[in-house]
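As you go down the protein sequences, you meet chains A and B in turn. Numbering follows this note's numbering, with no gaps: position 213 of the first sequence is 213. Numbering follows this note's numbering, with no gaps: position 252 of the second sequence is 556. Worksheet for the structure shown next.
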Amino acid sequence: MQQNNSSKHSSGDMRIGMALAADRVMTGVFYLVAGFFLVLLFAFAGYIIIKGFAGAKLYMFAFAKGGIGNQFFNTVYLVFLALLISVPIGILSGVYMAEYAKPGRVTHFLRIAIETLSSLPSIVVGLFGYLVFIVLTHAQWNLFSGALAVSILSLPLISTTTEDALRSLPESYKKGSLGMGATLRQTIVTVLLPAAAPRIITGVILAAGRGFGEAAALLYTAGMSTDINWTVWNIASPTCALNPFRPGETLSLAIWGARTEALSADSAEIANLSSAVLMIMVLTFSILAHTLEGRIKKKMGDTK
Amino acid sequence: MNNVETIDRSTGRGSSAGPMIRARDIGNFPKEHVWNGFVKGAGIFMIILPIAIGIFLFIKGCGTFTTYGHSITEFLFSADWNPADDSAGGGTVGAAVYIVGSLYTCGLALLIAVPFSLAAAIFMTEIAPVLGNRFLKPAVEIFVGIPSVVYGWIGLTILIPFLKAVFHLNQGFSVLAAGIVLAVMIFPSITTLSADAIRGVSMDCRKGAYGMGATRWQVIYQIVLPAAKPGVLTGIILGLARAFGEALAVAMVIGKTRAFPKSILSATSNLTSAIASDMGGAMEGGEYNTALWTMALLLFLISLLFIFIVHQIGKHGETENAAK
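Have a look at this one:
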């Protein structure tokens, strides 16, 4: 391409003129594309949120049938359960990667394993969850197996952020602590992990944000129905809100369910509202994570 | 099991101070053991998990070929899809329509997303770094997290009616709709990874080119982009992987019509939406169910293939750099 250009325009002046013109045109194109996307993204978010709330009626916010309150609760509860599982395992495996793993075949393999996990299609994880947590245990759809599926999806993110966070700490932290006679465990638990905490928390917040919107992995694990009786507080009861072994439709599943429009007359409005609420949750969490990250970068003086 | 080994490792880390630590922390030994056990256990768990997923998928997915005796070529290349929904079998399991649907929509999504992503990445690194870093980059990163069902829902309620009106279609469900939705979904990840790659190109390359009198576009097109190529390709492959595995957003707009798409505007189906919509109704262990598992296995193998390609690109980039 480059050679074509130069042979076509043999005259020097013309070539320079062409080059300058091309430069100006392309600069314009880049500004246009960037502006277009910024506008598109904001319009997208704004549209979903405004449309969702504009079409909403008061009863849709109810924590009962016909409202999305229960779905909202299920979403939060499911992500909470998922983090309860994935945060300890993710942090520990991140510690292993950063502090224990020696360069070699096993570490290489572990890295590939984590990469594989992070690029697994969520529907595949959902099917795996369906097979292992539902079919093999002869259970019905339940929140807990949904949480397990989501935790599989968030594990690699938490693990890699922990590893990165530990690796980005100054070497002197570790040396100082070890030099004082602390064991590696004491160093990690009392010095390194607290120092890396802000970054790890950022990763966990991001993981939570992703978890809110997960749907494909929950389709065949958490189930498409929810029945909560808010007066029952016996955790073994199938209608108790806190019982993790009850079916628990989340907001994202409610949107998926509304696509056929056969459920009820207002299913489109419900889906719009669910999208809006989901959008707000996801945006809040991502903005929170980015603000935190910005603070950390500032604190470290942007030295990287 | 490996007590001796754990002690050696935990103390050996303190290099020359090792023996001293061992003497002082005898009281801590149980704690050290438990800690080491947990950390290593977590590491091992991360290895076992994807292997377990792979094994389960393999066992379930191979049923099509072992239990029901279909050939791999039938599954991959035949368009005759009519599996029996019971364990007697005897149906046909040609998944070519779904495979072509996946390839077609993802190819289209890449075609749409890559130019825009590259332009956005170049904008935030080369053209206006301050503007880009302050506004575009955070916006793009935040939008990575938008749930796929929301994209699907917006596609269903806005894009489909729009396409219907513009192209005078009976129904707007189409390859084009799926391609657009996927393109919007993968745009942020390709942009972020490409921008990282472009940022990683050494300043000297740019300075040298500018010093020779090159314009900015010439520097970008002839110096920066070629130098950032491995990273950009990695971004594109990872975007493609995301598009390939995306289920619900595509299922909402593709139309789920089991036929090869005649044009970009006709409805078809793909692997993920077939699994998402049909798995629930199929009898566990039946031929239909097993064929869907085989599709899931195929998705898994494809995502492994993408990782392999990314690694090959990485290796290639390294050797190229070393040669320089």
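Yeah, the Cβ is synthetic: ideal placement off N, Cα and C, and Gly gets one too. The structure presented is a predicted model; accordingly, all values stated were derived computationally and were not measured.
Please list, in chain order, all residues of the same chain as residue i whose beta carbon is under 7 Å from its beta carbon, the five residues on each side excluded.
{"i": "B/Gly-365", "result": "Trp-597, Thr-598, Ala-600, Leu-601"}
{"i": "B/Ala-487", "result": "Ala-413, Ile-416, Ala-417"}
{"i": "B/Leu-544", "result": "Cys-410, Leu-414, Phe-610"}
{"i": "B/Val-505", "result": "Val-528, Ala-531, Ala-532"}
{"i": "B/Phe-471", "result": "Leu-569"}
Any C-beta of chain B sitting closer than 8 Å to the C-beta of residue i?
{"i": "A/Ser-275", "result": "yes"}
{"i": "A/Glu-115", "result": "yes"}
{"i": "A/Asp-23", "result": "yes"}
{"i": "A/Ser-93", "result": "yes"}
{"i": "A/Val-204", "result": "no"}
{"i": "A/Gly-17", "result": "no"}
{"i": "A/Pro-194", "result": "no"}
{"i": "A/Thr-284", "result": "no"}
{"i": "A/Pro-170", "result": "no"}
{"i": "A/Ser-154", "result": "no"}
{"i": "A/Tyr-220", "result": "yes"}
{"i": "A/Val-76", "result": "no"}
{"i": "A/Tyr-100", "result": "yes"}
{"i": "A/Arg-185", "result": "yes"}
Looking at the secondary structure, which residues open and close the alpha helix (DSSP H) in which residue i lies?
{"i": "B/Ala-400", "result": "400-426"}
{"i": "A/Phe-73", "result": "69-95"}
{"i": "A/Pro-194", "result": "193-213"}
{"i": "B/Cys-509", "result": "507-515"}
{"i": "B/Pro-387", "result": "Careful: B/Pro-387 lies outside any alpha helix (DSSP H) and carries neither H nor E."}
{"i": "B/Phe-477", "result": "From DSSP, B/Phe-477 is part of no alpha helix (DSSP H); its letter is neither H nor E."}
{"i": "A/Ser-119", "result": "105-119"}
{"i": "B/His-337", "result": "333-365"}
{"i": "B/Glu-430", "result": "Counting along the chain, B/Glu-430 falls outside any alpha helix (DSSP H), and DSSP gives it neither H nor E."}
Let me see if you follow: with CB-CB separation under 8 Å, is residue i close to chain A or not?
{"i": "B/Leu-544", "result": "no"}
{"i": "B/Ala-399", "result": "no"}
{"i": "B/Trp-521", "result": "yes"}
{"i": "B/Pro-354", "result": "yes"}
{"i": "B/Lys-619", "result": "no"}
{"i": "B/Glu-591", "result": "no"}
{"i": "B/Lys-533", "result": "no"}
{"i": "B/Thr-576", "result": "yes"}
{"i": "B/Ile-558", "result": "no"}
{"i": "B/Ser-452", "result": "yes"}
{"i": "B/Met-350", "result": "yes"}
{"i": "B/Ala-327", "result": "With a pLDDT of 49 at B/Ala-327, under the threshold of 50, the modelled position of this residue cannot be trusted; read the value that follows with caution. Answer no: the Cβ-Cβ gap between B/Ala-327 and chain A never drops below 8 Å."}
{"i": "B/Ala-580", "result": "yes"}
{"i": "B/Glu-445", "result": "yes"}
{"i": "B/Val-343", "result": "yes"}
{"i": "B/Leu-548", "result": "One detail in the question is off: residue 548 of chain B reads as Phe in this sequence, not Leu. For B/Phe-548, the answer is yes, since a Cβ of chain A falls inside 8 Å of its Cβ."}
{"i": "B/Gly-449", "result": "yes"}
{"i": "B/Glu-336", "result": "yes"}
Within 10 Å of its beta-carbon, does residue i have 16 or more other beta-carbons around it, so buried, or fewer, so exposed?
{"i": "A/Thr-160", "result": "buried"}
{"i": "A/Gln-140", "result": "exposed"}
{"i": "A/Ile-200", "result": "buried"}
{"i": "B/His-374", "result": "buried"}
{"i": "A/Glu-171", "result": "exposed"}
{"i": "B/Val-308", "result": "With a pLDDT of 39 at B/Val-308, under the threshold of 50, the modelled position of that residue is not reliable, and the figure given next carries that caveat. Exposed: under 16 other Cβ atoms inside 10 Å."}
{"i": "B/Arg-438", "result": "exposed"}
{"i": "A/Ile-50", "result": "exposed"}
{"i": "A/Glu-249", "result": "buried"}
{"i": "B/Ala-481", "result": "buried"}
{"i": "A/Thr-291", "result": "exposed"}
{"i": "A/Ser-225", "result": "exposed"}
{"i": "B/Ala-327", "result": "Any answer about B/Ala-327 is weak, because its pLDDT of 49 lies below 50 and its placement is not dependable; what the coordinates show is given next. B/Ala-327 comes out exposed."}
Within a Cβ cutoff of 8 Å, which residues of the same chain sit near residue i, ignoring the five residues on either side of it in sequence?
{"i": "A/Arg-167", "result": "Ala-98"}
{"i": "B/Arg-546", "result": "Met-489, Ile-490, Ser-493"}
{"i": "A/Ala-322", "result": "Past the edges of chain A, shown from 1 to 304, lies residue 322 of chain A, and the structure says nothing about it."}
{"i": "B/Glu-588", "result": "none"}
{"i": "B/Gln-522", "result": "Ala-513"}
{"i": "A/Leu-157", "result": "Gly-90, Ser-118, Gly-203, Leu-206, Ala-207, Arg-210"}
Among residues of its own chain, excluding the 5 on either side of residue i, which ones have a beta-carbon nearer than 6 Å to its beta-carbon?
{"i": "B/Tyr-455", "result": "Val-485, Met-489, Ala-553"}
{"i": "B/Ile-541", "result": "Phe-610, Ile-613, Val-614"}
{"i": "A/Glu-269", "result": "Gly-55"}
{"i": "B/Asn-403", "result": "Correcting the residue identity first, residue 403 of chain B is Ile in this sequence and not Asn. Here the set comprises nothing."}
{"i": "B/Val-536", "result": "Ser-498, Ala-501"}
{"i": "B/Gly-621", "result": "Pro-534"}
{"i": "A/Leu-84", "result": "none"}
Strictly by DSSP, which residues pair up with residue i?
{"i": "B/Gly-559", "result": "B/Thr-572"}
{"i": "A/Gly-248", "result": "A/Thr-226"}
{"i": "B/Val-397", "result": "B/Trp-385"}
Taking 8 Å as the threshold (beta carbon to beta carbon), is residue i in contact with chain C?
{"i": "B/Phe-362", "result": "In the displayed structure, chain C is absent; the protein chains listed are A and B."}
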